[in-house]
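Student: According to UniProt numbering, the residues represented by the sequence shown are 1 to 270, in order. Note that CB positions come from ideal geometry on N, CA and C, so glycine has one too.
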Amino acid sequence: MKNNKRLLKLFKWLTAIFIVAVVILAAWWGWVRSHSDSLWKIISQQCIPQQQMKQSQVSSCMDVILTPDVAKGYVIFKDRNGPLHFLLIPATKVSGIEDKRLLQPDTTDYFSKAWDSRDYLARQAGQPIPRNMVALTINSAYGRSQEQLHIHISCIKPEIKALLDNQMDKFSEKWTKVEYGINNHDYIARTLTELQFRQMSLFQRLAAEVPDAAENMAKYGIALVPFTNKANTSMYLMLANRLDILGLNLGYTGDIQDYHCDLLKTSQIF
1 MKNNKRLLKL
11 FKWLTAIFIV
21 AVVILAAWWG
31 WVRSHSDSLW
41 KIISQQCIPQ
51 QQMKQSQVSS
61 CMDVILTPDV
71 AKGYVIFKDR
81 NGPLHFLLIP
91 ATKVSGIEDK
101 RLLQPDTTDY
111 FSKAWDSRDY
121 LARQAGQPIP
131 RNMVALTINS
141 AYGRSQEQLH
151 IHISCIKPEI
161 KALLDNQMDK
171 FSEKWTKVEY
181 GINNHDYIAR
191 TLTELQFRQM
201 SLFQRLAAEV
211 PDAAENMAKY
221 GIALVPFTNK
231 ANTSMYLMLA
241 NRLDILGLNL
251 GYTGDIQDYH
261 CDLLKTSQIF
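#1: Just grab the DSSP bridge partners of Met-238 for me.
#2: Can you tell me whether Tyr-220 is buried or exposed? The criterion is at least 16 other CB atoms within 10 Å of its CB, across all chains shown.
#3: Identify, in the order they occur along the chain, each residue of the same chain with its Cβ nearer than 6 Å to the Cβ of Leu-149, setting aside the five sequence neighbours on each side.
#4: Since Ser-36 contacts Ser-112 with CB under 8 Å, what's their CB separation in whole angstroms?
#5: Enumerate in chain order the residues of its own chain whose CB-to-CB distance from Gln-46 is below 6 Å, with the five nearest sequence positions on each side excluded.
#6: Nearest to Leu-237 by alpha carbon, out of Ser-38, Arg-131, Leu-102, Ser-117?
#7: Within the same chain, show all residues whose beta-carbon is closer than 7 Å to that of Ile-160, passing over the 5 residues directly before and after it, in chain order.
#8: Using three-state DSSP, classify Leu-87 as helix, strand or coil.
#9: In terms of residue numbering, what span does the beta strand (DSSP E) encompassing Leu-136 cover?
#10: Could you tell me the boundaries of the beta strand (DSSP E) in which Ser-145 lies?
#11: Helix, strand or coil: which one does DSSP assign to Leu-264?
#12: Can the beta-carbon of Leu-84 be found closer than 8 Å to that of Tyr-259?
#13: In whole angstroms, what is the alpha-carbon distance linking Glu-147 and Glu-194?
#14: How about Asp-255: is its Cβ closer than 7 Å to a heavy atom in the ligand GTP?
#15: May I ask you to report which of helix, strand or coil DSSP gives Asp-109?
#16: Classify Pro-105: buried if its beta carbon has 16 or more other beta carbons within 10 angstroms, exposed otherwise.
#17: What residues are listed by DSSP as bridge partners for Ile-156?
Structure follows, in structure tokens:
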């Protein structure tokens, strides 16, 4: 009888904890959804109109490219989270990685443009930042807070760089699982030459090469990490991370980045 009472009491406590957790999660999700257009509002109501009218830009709008037209343009935006953190954002409404337009061949290659915009990190830091310190990421539809596509441009965390460098010989043009995962989440990876990187956008490559990805793009996060191979050739490592609720993985890749670029502290470049 006493054991039954204890079990009943424990059940009530667990039920109460579950209800509180659900309420907190619902409140948090509601707040996130209510602010999910904040980034697009700044881009569409400030950055782009001010550029079109040749007015001075708000400080966060670092560059506004509207050529050949707005539909193919993009904005380089200074994110307020961390000193060395920029975003590339399309100048037209693109919800995120799941947007079907990203798989069309005539769509701007936003990852390529983001990579070409990495010099903003060096300008902000006031010193050169070697290419192998940079990382680009985009999160899944379940791991983001904004309903406008944005690619994060920042440095890679020292421990993530070390982890990948130690496995680099195991990666090839064939998609391979990252041994031990990254930040306790499963990742797959493949190498890219400079030509391969420019030939096909990472969105199109993921959809074309990874089984089930084309129909489930919203569940994926993508990262791009540059490296130099043994032949001293500049290469890239493309990483993909898939939503896994049971594994507490939301397809979030942003946690490989370091917005303070601690790697600069050990760099010989000053």
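Tutor: In short, the structure shows the following:
#1: For Met-238, the pairing in a beta bridge is given by DSSP as Arg-190, Leu-224.
#2: In the assembly as shown, Tyr-220 is a buried residue. Its beta-carbon has 16 or more other beta-carbons within 10 Å.
#3: Pro-90, Val-94, Gly-96
#4: Contact doesn't hold; Cβ gap of about 26 Å is too wide.
#5: Val-58
#6: Of Ser-38, Arg-131, Leu-102, Ser-117, the residue nearest in Cα terms is Arg-131.
#7: Exclusion of the five residues before and after Ile-160 leaves Ile-182, Ile-256 as the residues of its chain whose Cβ lies within less than 7 Å of its Cβ.
#8: strand
#9: 134-138
#10: Ser-145 -> no beta strand (DSSP E), and no H or E assigned at all.
#11: helix
#12: Yes, Cβ-Cβ distance for Leu-84 and Tyr-259 is below 8 Å.
#13: 30 Å
#14: Absence of the ligand GTP from the depicted structure is noted, as is the absence of any ligand whatsoever, leaving it without description.
#15: coil
#16: exposed
#17: Gln-257
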